[in-house]
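Just remember that our numbering sits 40 ahead of the position in the sequence shown, which is counted from 1.
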Amino acid sequence: MLFKKKKKNEEKWIKCPSCGETTYVDELKRNFWVCKCGYYFRISAEKRIAITVDQNSFKEFDQNIRTKDPLNFVDLKPYKDRTNEAIEKTSNKEAVVCGTCTIKEKPCVLVVMDFSFLGGSMGYATGEKIVRSIEKAIKHSLPLIIISSSGGARMQEGILSLMQMERTSFALTKLAEKGLPYISVLTDPTTGGVSASFATLGDIIIAEPKALIGFAGPRVIEQTIGHALPEGFQRSEFLLEKGFVDIICERKDLPEQIAKFLDFFNNGR
């Protein structure tokens, strides 16, 4: 009984890893999962969709696509076991959720990555879902919004995972040829093969505050070049200063900001 009470209590309160303050979950939810200190909690695809799209407008598609473990990969445990655990944890079959929706009454195709599913890593099924989403946007002449949160390519799928960088990037050229806008939203973290492909190819690139965005991690880079990196390196604010992202947007303002950009693109067509 003691263990169950503790578990129930943990579900009601969350400790901020930045300031250490324990906050009531309902209060965090009202504040879009942002602590009073400004720390942005990583949130599931389900939570992300709920705070971004118009109520009851999201219609998911291709939800049953999942990896087939093409290499029969085993490390400390079989890849199949890892994916099954991720499915049980997130209730999703892959690291990305795709659907059509409206944002401030503006229809679009929305793709949301979920870091809690194997670190949001991109495998074959992830790439397939993203490519199909791009194709749906083209077919129905809709703008595309992708919200990224990923550690990069999924190592358990080897070259098949890396190939998704090319597949998704090439599909986006077809979207561009049709003159359809693509807005990319970078959240913490957006790294590796995802940052080196579709995530940084948006017509507009939006980033959440203080998000880690880059290819290799800071520690790897420091060990490679042999000296310390500048303060704030690979964070949203640093990348905005260097022209890598177009705007930093608070989570609560994201729907309104996306709608403004969609209006801008529509007026130019």
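Where is the CB? At the ideal position from N, CA and C, for every residue including glycine.
Quick caveat: nothing in here was measured; it's all calculated off a predicted structure.
Can you list, in chain order, the stretches of the beta strand (DSSP E) that have 3 or more residues and sit fully within the region 48–89? Listed in chain order, the complete beta strand (DSSP E) runs (minimum 3 residues) inside the region 48–89 are 53–55 and 62–64.
Cα-Cα separation, Gln204 to Pro118: Using only the alpha carbons, I get a separation of about 22 Å.
Leu313: which of Glu128, Ile143 and Ala251 sits nearest, CA to CA? The chain is shown only over 41 to 309; residue 313 falls outside these bounds and no answer can be derived.
Where does Asp286 fall in DSSP's three states? DSSP places Asp286 in coil when its eight states are reduced to three.
Alpha carbon to alpha carbon, what distance is there between Gln274 and Arg89? Here the sequence assigns Ile to residue 89, which means Arg is not the residue at that position. Going by the C-alpha atoms only, they are around 26 Å apart.
Compute the Euclidean distance between the alpha carbons of Asp228 and Arg82, then round it to the nearest angstrom. Approximately 7 Å, taken between the alpha carbons.
Using CA coordinates, which residue listed in Thr166, Leu215, Asp154 and Ile288 is at the minimum distance from Lys176? Distance from the Cα of Lys176 is smallest, within the candidate group Thr166, Leu215, Asp154 and Ile288, for Leu215.
Confirm, please, whether the CB-CB distance from Gly191 to Gly242 is below 7 Å. In this structure, Gly191 does not lie closer than 7 Å to Gly242 by Cβ.
Take Phe301 as the anchor and find which of Gly257, Val260 and Tyr222 has the nearest alpha-carbon. Looking at the Cα atoms, Tyr222 is the closest of the given residues.
Of the residues Glu271, Cys289 and Thr213, which one's Cα is nearest the Cα of Phe72? Nearest option by C-alpha distance: Cys289.
CA-to-CA distance, Ser276 to Pro57, given in whole angstroms: Counting only the Cα atoms, Ser276 lies some 19 Å from Pro57.
Is the region 129–145 in contact with the region 58–70, if contact means three or more CB pairs nearer than 8 Å? No: the two stretches stay apart, fewer than three of their Cβ pairs being nearer than 8 Å.
Please tell me whether Val152 and Ala85 are closer than 7 Å, where the distance is taken between their beta carbons. Closer than 7 Å, so yes.
Which full runs of the alpha helix (DSSP H) of 4+ residues lie inside the region 114–190, going along the chain? Within the region 114–190, the complete alpha helix (DSSP H) runs of at least 4 residues are 119–130 and 164–179.
Would a C-beta distance cut-off of 7 Å place Ile185 and Leu220 closer than the cut-off? Not in contact: Ile185 and Leu220 (Cβ atoms no closer than 7 Å).
Just to confirm the assignment, what range does the alpha helix (DSSP H) spanning Pro221 have? Per DSSP, Pro221 belongs to no alpha helix (DSSP H) and is neither H nor E.
Mind checking if Asn104 is an interface residue toward chain C, Cβ cutoff 7 Å exclusive? The structure shown contains no chain C; it holds only a single protein chain.
Give me the residue from Phe255, Lys52, Val137 and Asp293 with the minimum Cα distance to Leu279. Ranked by Cα distance from Leu279, the first of Phe255, Lys52, Val137 and Asp293 is Phe255.
Mark Gly163 as exposed unless 16 or more other C-beta atoms lie within 10 angstroms of its C-beta, in which case mark it buried. Gly163 comes out buried.
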